[in-house]
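In what follows, a structure is listed as C-alpha cells, so that the remarks can point back to it.
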Amino acid sequence: MITIKDLKYKIEKRFQKIQLYNDICGYQVQPNTKFLKGISRKEIDELQILFGFDFPWEYKEMLLILGSLDTLEISIDPDGEEEIKFDNFFYQYPRDIEKSKWLVEDINKFKFYAEEALIEAGFDVSKIVGYIPIYSHRVLVVFENKYLSPVISVWGSDIIVYGNNIKEYLKNDFLQV
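Put into C-alpha cells, the structure is as follows:
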C-alpha cells in the first residue's frame, strides 16, 4: 500500500525532471520544486478548531508530511503579451483562509453539482461535514467517516471527483503526464 511519504518522494522525483512549456497558458510547477516540511500535530489540532470539524486521517497524514511548495509556480503567456507571473496554489492555513474562500463559496452556490458528482462516485452526501480547499481549485470533502477523503475539482458549476481519496488525488494531479 502506497503512503503519503511514498507519494511525496515520487512527486518530487517527477518535479526534478519536469520541463516548462512556453506554449501553454496557466501555471506550471517549476523544475526541482520540493515540498516544504509538514506541520505539527498541535498545528493540525489548531486548524481543526479553525475549520470547526475533525480532519480525515489521510489529510492529517498529508499535513504532517507535505507543506506547501518551496518554489512558486510560473505562468508564461505564450503570446508574450503579459509579464511572467508567479503564485503558490498549495494552500497553507490559517494564512490562506481568505485566498481559498471563493472555492467554498462556489461549492455552496453550485451545491447540486458537487453533490451530484459525489453521489455518482458512491458517496453519501448527507454525511458531509465540510470542505477544505487544498490546492488550486481542488477541494477535500470532509465526511463524518474520517476514513473518507475524496477530492473534488471545482470551477464554477463544473465540479468533478478528482480522486476518491487524497492518495488517488495526489497521483492524479502530480504524477499523471
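Okay, so the sequence shown: first residue is -5 according to the numbering used here, each after it adds one. Backbone N, C-alpha and C fix where the C-beta goes; we use that ideal spot for every residue, glycine too. Keep in mind that this is a model prediction, so the values were computed, not measured.
Inter-residue Cα distance where the pair is residue i and residue j
i    : j    : result
E76  : D118 : 44 Å
L164 : G157 : 8 Å
I68  : D81  : 7 Å
P72  : N139 : 45 Å
Y129 : Y141 : 20 Å
L169 : L66  : 18 Å
F83  : K95  : 13 Å
N16  : S120 : 45 Å
E92  : G116 : 31 Å
G20  : K79  : 10 Å
S62  : R89  : 12 Å
E99  : S151 : 11 Å
First through last residue of the beta strand (DSSP E) which encompasses residue i
i     : result
F29   : Element bounds for F29: n/a, residue is neither H nor E.
S147  : V145 to W149
K121  : Taken as a continuous stretch (DSSP letters only), K121 belongs to no beta strand (DSSP E), as it is neither H nor E.
F45   : Element bounds for F45: not the beta strand (DSSP E) but the alpha helix (DSSP H), R35 to F45.
K(-1) : Looking at the DSSP string, K(-1) is not in any beta strand (DSSP E); the run it does join, the alpha helix (DSSP H), is I(-2) to K11.
Reference residue i; option with closest CA among the options
i     : options                    : result
S143  : S151, G150, I160 and R132  : I160
E52   : T(-3), G150, D167 and R132 : T(-3)
D200  : E6, S151 and E109          : Any property of residue 200 remains undetermined from this structure, which presents the chain solely from -5 to 171.
N26   : N16, I18, F9 and I113      : F9
Q24   : L30, I18, Q13 and G32      : Q13
E110  : L134, I146 and K79         : I146
I70   : L44, K93, S34 and I18      : I18
K183  : I113, F49 and K2           : For residue 183 there is no data in the structure shown, the boundaries of the chain being -5 and 171.
L112  : S62, F47, V133 and D48     : V133
K(-1) : G20, L41 and K54           : K54
L41   : F106, K4, Y87 and E99      : Y87
Opening and closing residue of the alpha helix (DSSP H) in which residue i lies
i    : result
V98  : I91 to K103
I174 : Past the boundaries of the shown model lies residue 174; the chain is included only from -5 to 171, so the question cannot be answered.
D73  : Where D73 is concerned, there is no enclosing alpha helix (DSSP H), given that its DSSP letter is neither H nor E.
E156 : Contrary to the premise, residue 156 reads as Tyr rather than Glu in this sequence. Not the alpha helix (DSSP H): Y156 falls in the beta strand (DSSP E), residues D152 to G157.
K79  : Not the alpha helix (DSSP H): K79 falls in the beta strand (DSSP E), residues K79 to D81.
Contact check, residue i vs residue j, beta carbons under 8 Å
i    : j    : result
F137 : V123 : yes
F29  : L57  : no
I101 : Y125 : yes
E38  : F49  : The question names Glu, but residue 38 is Ile in the sequence shown. Yes.
H131 : V148 : yes
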